[in-house]
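Protein chains in written order, with our numbering: chain A, 2 to 63; chain B, 57 to 308. Glycine is no exception: its CB is placed at the ideal position from the N, C-alpha and C atoms. Below: the structure, in structure tokens.
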Amino acid sequence: MIHWNSFSDFIAMGGYGLYVWGSFGVTALIMAIEPIVVSRNRKTTIARLKRQLRAETRNTAE
Amino acid sequence: MKDRFNLYRFASPATFYPLAGALIPYFVAVSVVFGLAGLWLGMLVAPTDFQQGEGYRIIFIHVPASWMSMFIYLVMAGWAAIGLAFNTRLSGMMAQALAPTGALMAFLSLLTGALWGKPMWGAWWVWDARLTSELILLFLYIGYMALTAAIDDARRADKAGGLLLLVGVVNIPIIYFSVKWWNTLHQGSSVNLAKSSMATTMLWGMLLMAMCFWMYSIAVALMRARTIMLERECHTDWARAELLGNTEGAGK
Numbered sequence: 002m003i004h005w006n007s008f009s010d011f012i013a014m015g016g017y018g019l020y021v022w023g024s025f026g027v028t029a030l031i032m033a034i035e036p037i038v039v040s041r042n043r044k045t046t047i048a049r050l051k052r053q054l055r056a057e058t059r060n061t062a063e
Numbered sequence: 057m058k059d060r061f062n063l064y065r066f067a068s069p070a071t072f073y074p075l076a077g078a079l080i081p082y083f084v085a086v087s088v089v090f091g092l093a094g095l096w097l098g099m100l101v102a103p104t105d106f107q108q109g110e111g112y113r114i115i116f117i118h119v120p121a122s123w124m125s126m127f128i129y130l131v132m133a134g135w136a137a138i139g140l141a142f143n144t145r146l147s148g149m150m151a152q153a154l155a156p157t158g159a160l161m162a163f164l165s166l167l168t169g170a171l172w173g174k175p176m177w178g179a180w181w182v183w184d185a186r187l188t189s190e191l192i193l194l195f196l197y198i199g200y201m202a203l204t205a206a207i208d209d210a211r212r213a214d215k216a217g218g219l220l221l222l223v224g225v226v227n228i229p230i231i232y233f234s235v236k237w238w239n240t241l242h243q244g245s246s247v248n249l250a251k252s253s254m255a256t257t258m259l260w261g262m263l264l265m266a267m268c269f270w271m272y273s274i275a276v277a278l279m280r281a282r283t284i285m286l287e288r289e290c291h292t293d294w295a296r297a298e299l300l301g302n303t304e305g306a307g308k
């Protein structure tokens, strides 16, 4: 079922290792970083909007 | 008929926001499952290509990324058309939420294409119709993001960005049919409804990876859309209630 004979064969990718793993590596990196950036941006945006909201309610109360 | 399920209800940010929040974990989970299955089939089970050796395995991310880069653009253009025709609030937010992911997919398509082209053609880049039109797609994404970011008023930014998206949509069939219309160095399509040129395990590995990319894109775009909704609707009651009850931004 498994196509490869050994782990080193799998890593070598028939001599195309650099290109294949380079492609998969960059893709994995981007797909890991993008959600982190998005959720950090969400947290800072929510914190900013909350500050704004608090400031507004304070002003109307006075 | 009064209780009929009404799809239009979800066009309102107030109802879409919690729905999107509830759906995101499912899209992430499904994406991971499809990704693991696709990697297992593509990287461990699928046989060697008789022409390209093991180098062809780049296809398992190159094709899904390229498909997504085109599909996301079409979805954005669809939202733009709805937004311009019916003046709906949600459309512009969805288009903006999708743009960075679409740009990243176009970038990944070009990068993995270069890494595939070098060993197979001997060149990282050639000014071939397929490659050039995909590069234009990346520029369209960047142009859309720059244009909407440059206009302060959100609704006007949506309109201007929407027009750009609709004009640029002509590029999508050009990318798709470029390998048929012109004599390109880029190989023809691997998947054909009548007859596929690929082994079954290769084809399934690629389709599973495409589903993984698809679900990933939906999850990230929904995350982004929720933040945009909150920001743009922060004057409304639902957004205020959401902000007051929200603990995600705590500690900042």
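- Per-residue burial, B:MET262 [other beta carbons within 10 Å of its own, 16 or more giving buried]: buried
- Item | Proximal residues to B:MET126 (C-beta, below 8 Å), its chain only, five neighbours per side dropped | LEU193, ILE228, ILE231 and TYR232
- Which residues in the same chain have their Cβ closer than 6 Å to the Cβ of B:GLU289, if we skip the five residues on either side of it in sequence? PRO69 and ALA295
- Measure the beta-carbon distance from B:GLU287 to A:LEU50 and round it to whole angstroms, keeping in mind my assumption that it falls under 8 Å. 7 Å
- Message: Once the 5 residues before and after B:ILE80 are set aside, which same chain residues still bring their CB inside 7 Å of it?
- Response: ALA275, LEU278 and MET279
- Message: I want to verify the contact list: residues of chain B whose CB lies under 8 Å from the CB of A:ILE37, in sequence order.
- Response: Here the premise fails: no neighbours, minimum Cβ distance about 11 Å.
- Message: Is there a Cβ of chain B sitting closer than 8 Å to that of A:LEU30, yes or no?
- Response: no
- Count the other CB atoms, across all protein chains shown, that sit within 10 Å of the CB of B:LYS58; report buried if there are 16 or more and exposed otherwise. Here B:LYS58 scores only 49 on pLDDT, less than 50, and its place in the model should not be relied on; the value that follows carries that caveat. Exposed, by the Cβ-count rule.
- Item | Same chain, Cβ closer than 7 Å to B:TRP180, five either side skipped, listed in chain order | ALA170, GLY173 and LYS174
- Message: Between B:SER165, B:ARG282, B:LEU259 and B:HIS291, which has its C-alpha nearest B:ALA76's C-alpha?
- Response: B:ARG282
- Query: Among all the DSSP beta bridges, which residues are the ones paired with B:ASP105?
  - Reply: B:GLY109
- Task: Report buried or exposed for B:LEU92, applying the criterion of at least 16 other Cβ atoms within 10 angstroms of its Cβ.
- Result: exposed
- Query: If you compare alpha carbons, which of A:ALA48, A:ASP10 and A:ASN60 is closest to B:GLY111?
  - Reply: A:ASP10
- Message: According to DSSP, is B:MET285 part of a helix, a strand, or is it coil?
- Response: helix
- Query: I think B:LEU264 touches B:LEU97, with their Cβ atoms under 8 Å apart; what is that distance to the nearest whole Å?
  - Reply: 6 Å
- Looking at C-alpha atoms only, which residue of B:SER122, B:ALA159 and B:PRO120 is the closest neighbour of B:ALA202? B:ALA159
- If we call anything under 8 Å between Cβ atoms a contact, is B:ALA121 one with B:MET161? yes
- Message: Rounded to whole angstroms, what is the Cα-Cα separation between B:TRP123 and B:ALA266?
- Response: 8 Å
- Message: Against chain A, which members of the segment 103–128 of chain B pass a CB distance test of less than 9 Å?
- Response: PRO103, THR104, GLN108, GLY109, GLU110, GLY111, TYR112, ARG113, ILE114, PHE116, ILE117, HIS118 and ALA121
- Item | Span of the alpha helix (DSSP H), counted from its first residue to its last, around B:ILE231 | 227–237
- Message: If the criterion is Cβ atoms closer than 8 Å, does the pair B:LEU95 and B:ILE128 meet it?
- Response: no
- Message: Does chain A have any CB closer than 8 Å to the CB of B:LEU241?
- Response: no
- Can you find a C-beta in chain B that's less than 8 Å from the C-beta of A:PHE8? no
- Query: Alpha carbon to alpha carbon, how far is B:LYS308 from A:LEU30?
  - Reply: At B:LYS308, the pLDDT of 41 sits below 50, so the modelled position is not reliable; the number obtained from the coordinates is stated separately. Approximately 27 Å, taken between the alpha carbons.
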